[in-house]
Amino acid sequence: MSFEERSFEQRGKHDPTTGAAWLRECVADLIGVAPGEVDLSLRFAELGVESLGALKLRRALAEKCGAEVPLTAFLGENPALRVLDFLDGADVEALPDAVPVPVVAVRPGEPVALTPVQGAYWAGRGDDFALGGVATFWYHEYDRPSADLDALESAFACLVAHHPMLRTTIGRDGFQRENAEVPPFRIECTDLREMRSEEAEGALAELREQLSHQVRAPHEWPLFDVRAALLPGGGVRLFVGFDVLILDFASWRLLMTQWGRLVADPGYALPAPPVAFLDIVRHRETDPAHQARRERDRAYWAGRALPAGPRLPVADGAEPRFRRRQCRLDAGRWAKLRERAAARGLSPTSVLLAAFGLVLHRWGATEPFALNATLYDRPDDARDLVGDFTTTALVAMPAPTSFVDYARQANETLWEAIDHRSYTGVEVRRERGHAYPVVFTSGIGIGDGTAPAGWLGEEVFGVSQTPQVLLDHLVWEEDGAVRLVWDAVEAAFPDGYLDGLTDAEHTLLTRLAEEDAAWTAADLGWDPTFAAPEPLDVTP
């Protein structure tokens with residue numbers, strides 16, 4: 001019996017063949033196979049439709065048949081049947097062609113309001129806020145064998161000329177404006193070639209101390225910083241930092257990739273996006289459909305009971321100086337983990353979120369808590385656009401059970417939050433009055449999985465900071481592996497706590513990748529290191 005016949009028999013509704021064909025076609029387009037290869041009896045996760053993929057699939061179905069399917073309908077057993085339930089009432093042939101709402105271009109110098117998240121970044125950096133005095137800053141250092149600074153400078157200047165957000169500042173009035181003209185871009189260079197090795201290392205450490213935690217004046221251009229130091233043994237160290245007021249993770253990936261292409265080929269033609277970031281922000285302020293969605297999402301969050309952030313053993317008044325801990329789950333283990341997750345109908349992001357939540361619980365957050373999840377609200381046609389499409393959502397974590405049940409509940413809660421992301425966690429937090437200083441940021445599914453700055457050379461240092469945040473756990477894919485990063489206010493936590501917590505999460509993910517039984521083990525995490533039980537070498 002075919003899927004269409006089974007669904008017809010189970011649902012007792014009109015002939016679902018057409019709806020199933022639409023669904024199969026949309027899934028095939030998304031995952032890059034022929035429609036005949038799509039088995040709709042499988043879980044969508046098994047088909048390769050994960051968090052961002054589910055959003056794209058929902059948009060495609062809405063364009064085809066005018067029905068907006070809740071993201072949670074794509075989860076669990078027999079999801080295609082639930083999706084078809086939502087498509088039943090849609091009459092594709094009767095729908096008019098979609099008419100795009102015109103977006104009016106914002107001229108340079110015109111004020112545009114900040115998004116809620118930009119506003120939080122802008123105001124929260126002030127010293128008068130708890131955990132303030134720090135910018136939302138994304139910083140890396142790279143050692144490059146060749147000191148081709150002229151080529152690097154010229155290529156980055158092309159990016160500045162091409163992307164309006166690289167010419168944008170935020171005025172003292174709290175509005176962002178593209179500057180029609182900016183000074184020529186230059187890479188400031190420090191020459192360490194005549195120093196002894198020990199002296200050079202000291203100078204590089206001083207530069208790191210100075211540059212890694214910058215709080216750049218938002219009203220002064222530029223809101224990024226690219227510098228270099230010529231090294232004694234040849235080559236150059238690059239110091240690259242961006243204020244996240246002007247970009248998000250996808251934008252950073254785009255810039256690093258385009259910078260490399262322009263260095264390799266100065267004649268490379270950068271793709272021109274159809275609209276600019278400020279155009280989209282201005283449009284959303286006045287678009288009735290977007291405002292209606294925000295009102296719907298505001299009502300959703302108003303009806304949700306949310307616990308506070310996790311209660312961890314932290315000290316008040318710590319200097320907001322962040323330090324990074326990081327590791328990788330290698331390509332083989334990451335592939336196994338994804339495979340085991342898909343077999344259980346789970347997205348990779350939800351498994352990483354659940355692992356983080358469970359480790360936090362085992363390391364002191366025993367009362368109910370919610371995590372502050374970083375999401376992205378980037379339109380489909382904004383792939384080549386630099387801007388900060390960041391939004392946030394508060395995700396209430398379930399009570400610990402077996403890991404698979406815990407992850408399924410976390411997956412559903414996360415996808416519900418994604419469904420209602422137009423009213424941000426920043427706004428919900430402001431209304432509730434709770435603090436949510438522990439953040440989960442996933443870049444899984446963003447980009448092609450390569451290291452976009454790999455062409456620059458070896459990454460020797462990296463850190464990010466965010467005001468009002470104690471701990472930000474970031475995850476993204478690189479060269480087949482998954483990179484796990486914890487950026488935390490070091491002085492706020494007891495000695496050894498962050499090392500133990502991060503080691504425990506890596507151990508947990510390794511066990512989940514390698515041991516099928518770990519997903520249902522009742523005693524998982526009774527040892528907070530998540531080490532596998534070892535037989536006792538004793539005689540009773």
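Numbering-wise, my numbering puts 168 at position 168 of the sequence shown, and it's gapless, one number per residue.
Here a beta-carbon is modelled for each residue, glycine too, at the ideal position from N, C-alpha and C.
Helix, strand or coil: how does DSSP classify residue i here?
i    : result
R321 : coil
V112 : strand
E458 : strand
V351 : helix
P222 : coil
S251 : helix
N411 : helix
E477 : strand
H162 : helix
P100 : Residue placement at P100 is poorly supported in this model, since its pLDDT is 48, which falls under 50; the coordinates still yield a value, given next. If DSSP states are grouped into helix, strand and coil, P100 belongs with coil.
R107 : coil
A522 : coil
R237 : strand
E431 : helix
L498 : helix
V463 : strand
D265 : coil
Y406 : helix
R125 : coil
A20  : helix
T424 : coil
W363 : coil
Check this for me: beta carbons of residue i and residue j, under 7 angstroms apart or not?
i    : j    : result
T529 : P116 : no
F324 : G454 : Before going on, a small fix: residue 324 reads as Arg here, not Phe. Not a contact, by the Cβ cut-off of 7 angstroms.
R253 : G447 : yes
H290 : R284 : yes
C65  : L47  : no
A407 : L360 : no
D550 : Q118 : Outside the displayed range of the chain (1 to 540) lies residue 550, so it cannot be described from this structure.
E505 : A355 : yes
R144 : G235 : yes
I418 : L375 : yes
E181 : P164 : no
V544 : L474 : Coverage of the chain is limited to positions 1 through 540, which leaves residue 544 absent and any answer about it impossible.
R125 : V215 : yes
Out of the options, state which residue places its alpha-carbon closest to the alpha-carbon of residue i.
i    : options                : result
M195 : L23, A135, G233, T450  : G233
H420 : D173, S146, H163, A299 : A299
N372 : W363, V351, V426, T349 : V426
V460 : L61, L238, L81, A157   : L238
A135 : E505, I246, K64        : I246
R340 : L278, D39, P310, D516  : D516
A157 : R59, V485, D316, V263  : V263
G19  : G480, L40, A335        : L40
D527 : G126, Q176, K336, L358 : L358
D128 : G317, D503, F322       : G317
A161 : P222, P310, G174, H140 : P222
R139 : E68, S350, M256        : For the record, residue 139 in the displayed sequence is Tyr; it is not Arg. It is M256 whose Cα lies nearest to the Cα of Y139.
T450 : V482, T466, P184, A200 : V482
V49  : A28, G332, E37, L471   : A28
### Query
Are the segment 386 to 406 and the segment 424 to 439 touching by the rule of at least three beta carbon pairs closer than 8 angstroms?
Because the criterion of three Cβ pairs below 8 angstroms is met, the segment 386 to 406 and the segment 424 to 439 touch.
### Query
Enumerated in chain order, which unbroken segments of the beta strand (DSSP E) with a length of 3 residues or greater are wholly contained in the segment 289 to 333?
322 to 329
### Query
Three or more C-beta pairs closer than 8 angstroms, one from the segment 155 to 169 and one from the segment 486 to 499: is that the case here?
The segment 155 to 169 makes no contact with the segment 486 to 499: fewer than 3 CB pairs, one atom from each, lie closer than 8 angstroms.
### Task
Please list the segments of the alpha helix (DSSP H) lying wholly inside the segment 132 to 210, counting only runs of 4 or more residues, in order along the chain.
149 to 162
### Task
Pair every Cβ in the segment 223 to 230 with every Cβ in the segment 106 to 114, then say whether three or more of these pairs are closer than 8 angstroms.
no
### Task
Indicate whether the contact test is met: 3 or more Cβ pairs, each with one atom in the segment 410 to 417 and one in the segment 171 to 191, closer than 8 angstroms.
Too few Cβ pairs lie closer than 8 angstroms, so no.
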